[in-house]
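Under the numbering used here, the first residue of the sequence shown is numbered 60, with each subsequent residue one higher. To keep things clear, I will list the structure first and then write my remarks on it.
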Amino acid sequence: MKYERPDLTETGKEFKNLVAELKTAESFESADEAMIKINNLRNSFDTMRVMAFINYSLDTNNEQFIKEQDYFDNNVPLFADLTNNYFAALTTSIFKNNFIEKYGKQLIAISEMVMKSFSPEIVEQLQKENHLNSEYTKLKASAKIMFDGKERNLQELDPYMESTDRETRKRAFEAYWGFFSDNKEKFDEVYDKLVALRNEMAVKLGFKNFIEMGYARMKRIDYDFEMVKKFRENVKKYLVPLSVKLREKQMKRIGVDKLMAYDLYIQFSKGNAVPKGDPEWIMNNGKIMYKELSGETAEFYDFMMDNDLMDVYSRKGKADMGYCEYISDYRSPYIFANMNGTEDDITVLTHEAGHAFQAYSSRDLEFKEYAEPTMETAEIHSMSMEFLTYPWMNLFFEVDTDKFKFSHLNNAIYFLPYGVLVDEFQHWVYENPKAAPSERNARWSELEKVYLPHLDYGENEFLKGGGRWQKQGHIYEAPFYYIDYCLAQICAFQFWSKAIHKGNGEYKKSLEDYIKLCKAGGSKAFLELVKYANLESPFEESVMKRLVGEIEKYIDSIDDREF
Ligand code: ZN
């Protein structure tokens, strides 16, 4: 793959000509042809944008990569202006119904949503927003923390935070948060600017505040704030009590009389389940797993391995993140991670590979919006793959397999209250865009008491003061992208329930539903896709109640003193 900076002047000219063709087309065939050419142009630009981002995240200190990332930070909003004209031409086309007939109504629905959240008037603010996001990434990647005689980045502290020795994990925990505490002002400054900018853009576009604009940017077509609010209440009702109960069990398991914040990462007194080999060994075992799982996954994983599309080793300067990107022109997914010897290494291989498998499965879909679904849908692909691969976890965990599964389900339960906390916090932030950093922290602390009532930070002033959210990249870089994980988790639990928990020959049928869902990419709205995959809506209270009940029963049936 060859990276070349796109010439926006040239591309812009071509783009405008094609949009004119789309507008003046006298037959649907020629309108359709112009539309396809426009999408090819979009894919080429996007291919270079993604490659620049991958390069930058691989080495955030490389001058050339920084320059290219900067170029896109500036030019993506200008390109969005071109795209916006395309969407406008599409939605007002006299052939609109023909387009719907050929591609389905989702294309027009997304176009309208994107137009709602964009105007050429906000290009300058969008550019600033991109630069601030890059600044946040850089700030986190800059962490050089002296620990046990060696300089380490944030992810390299994770294994120490899971140490069976309480003193070690406490020291690692304090070192980790010490970095955030030392850089508190810098983090606050970046976020202050982001919130102000986003509010300014929203007001310019005629919204009351950024919330509605944020939802439009996430392209939420068939659900709204009210439904999300009700979902959070359901989590409060069913998941918070269960997670408190599980934390008590965890406290007994690890043999402490009070569960402190630095104890949360360790599930068992003898230590968490860890993969029994290094990243290379993990990747090779992945080959066996995906080969046995299905013909489709076998083909996909070979493609990833043969084309060297996964970079999973931890290195200095590499961004502190894990992601899957799609490189359109090469019809290739790409996986980025920092494996560090914890059980999360395996979730890279299942979660990010779930995203990548979807991208690979829907690569024949005509345009970006269909090949790359909205995030709540995308997270179903990734989180469900974590469960559907349960029967192969022995390849990685050997004697610790049951321990891993137990801990994985526990973590999924622990996650939901935290997830909706992040969501509710952001609603508050954008409803109160003028709030001072201290007020934001105070609100975070209040919400922690509601959703994570077991939490005890001991003497850590920074965390007691409500600073924990600063490590959560989504809060900075992708506002309102967090509830998506929670909605998807409830969908993924349904795969666990059908394929793993009940079993009884349901596995094959569930896997078929899953593959069907991946192939459909983003060609329908979220709740339509949920239905298409034979799942029930995560917004239904009865669905959450039933699933949580099943999981609780399962966890209760396991003798956790064994681990
Ligand atoms: Zn994901």
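Each residue gets a CB set at the ideal place from its N, CA and C atoms; glycine is no exception.
Using the C-alpha atoms, what's the distance from residue j back to residue i?
i: residue 206; j: residue 374; result: 16 Å
i: residue 587; j: residue 280; result: 10 Å
i: residue 292; j: residue 76; result: 50 Å
i: residue 185; j: residue 260; result: 8 Å
i: residue 112; j: residue 612; result: 44 Å
i: residue 428; j: residue 241; result: 41 Å
i: residue 383; j: residue 394; result: 5 Å
i: residue 526; j: residue 379; result: 19 Å
i: residue 70; j: residue 126; result: 20 Å
i: residue 83; j: residue 67; result: 24 Å
i: residue 481; j: residue 528; result: 8 Å
i: residue 278; j: residue 271; result: 11 Å
i: residue 519; j: residue 321; result: 10 Å
i: residue 225; j: residue 551; result: 33 Å
i: residue 478; j: residue 508; result: 14 Å
i: residue 594; j: residue 553; result: 7 Å
i: residue 179; j: residue 561; result: 53 Å
i: residue 403; j: residue 329; result: 18 Å
i: residue 258; j: residue 273; result: 10 Å
i: residue 483; j: residue 72; result: 43 Å
i: residue 122; j: residue 193; result: 14 Å
i: residue 337; j: residue 357; result: 22 Å
i: residue 167; j: residue 536; result: 27 Å
i: residue 223; j: residue 579; result: 44 Å
i: residue 173; j: residue 432; result: 14 Å
i: residue 430; j: residue 120; result: 32 Å
Taking a contact to mean a Cβ-Cβ separation below 8 Å, would you say residue i touches residue j in this structure?
i: residue 408; j: residue 392; result: no
i: residue 149; j: residue 170; result: yes
i: residue 472; j: residue 302; result: yes
i: residue 387; j: residue 102; result: yes
i: residue 104; j: residue 143; result: no
i: residue 558; j: residue 570; result: yes
i: residue 213; j: residue 231; result: no
i: residue 325; j: residue 313; result: yes
i: residue 195; j: residue 249; result: yes
i: residue 215; j: residue 399; result: yes
i: residue 298; j: residue 512; result: no
i: residue 133; j: residue 124; result: no
i: residue 467; j: residue 444; result: no
i: residue 98; j: residue 307; result: no
i: residue 396; j: residue 413; result: no
i: residue 437; j: residue 385; result: no
i: residue 582; j: residue 165; result: yes
i: residue 446; j: residue 617; result: no
i: residue 434; j: residue 543; result: yes
i: residue 137; j: residue 188; result: no
i: residue 415; j: residue 348; result: no
Quick check on residue i: does DSSP put it in helix, strand or coil?
i: residue 622; result: coil
i: residue 281; result: coil
i: residue 63; result: coil
i: residue 178; result: coil
i: residue 315; result: coil
i: residue 366; result: coil
i: residue 595; result: coil
i: residue 324; result: coil
i: residue 107; result: helix
i: residue 152; result: coil
i: residue 387; result: helix
i: residue 398; result: strand
i: residue 492; result: coil
i: residue 300; result: helix
i: residue 432; result: coil
What distance in whole Å lies between the Cβ atoms of residue j and residue i, which are believed to be in contact at a cut-off of 8 Å?
i: residue 219; j: residue 227; result: 6 Å
i: residue 319; j: residue 515; result: 5 Å
i: residue 456; j: residue 463; result: 5 Å
i: residue 263; j: residue 181; result: 6 Å
i: residue 460; j: residue 469; result: Not confirmed; about 15 Å, so no contact.
i: residue 255; j: residue 492; result: 7 Å
i: residue 615; j: residue 592; result: Contact doesn't hold; Cβ gap of about 29 Å is too wide.
i: residue 405; j: residue 334; result: 6 Å
Would you say residue i reaches chain B, if we count a Cβ-Cβ gap shorter than 8 Å as a contact?
i: residue 202; result: Any reference to chain B falls outside this structure, which holds one protein chain only.
- Item | Runs of beta strand (DSSP E) lying entirely within the stretch 334-364, each at least 3 residues, in chain order | none
- Item | Complete beta strand (DSSP E) runs within the stretch 198-248 (minimum length 3 residues, chain order) | 204-206, 209-211
- Segments assigned alpha helix (DSSP H), at least 4 residues, entirely inside the stretch 499-585: 520-523, 532-536, 542-554, 565-579
- Message: List, from N- to C-terminal side, the alpha helix (DSSP H) runs of 4 residues or more that fit wholly inside the stretch 426-488.
- Response: 427-430, 434-447, 453-456
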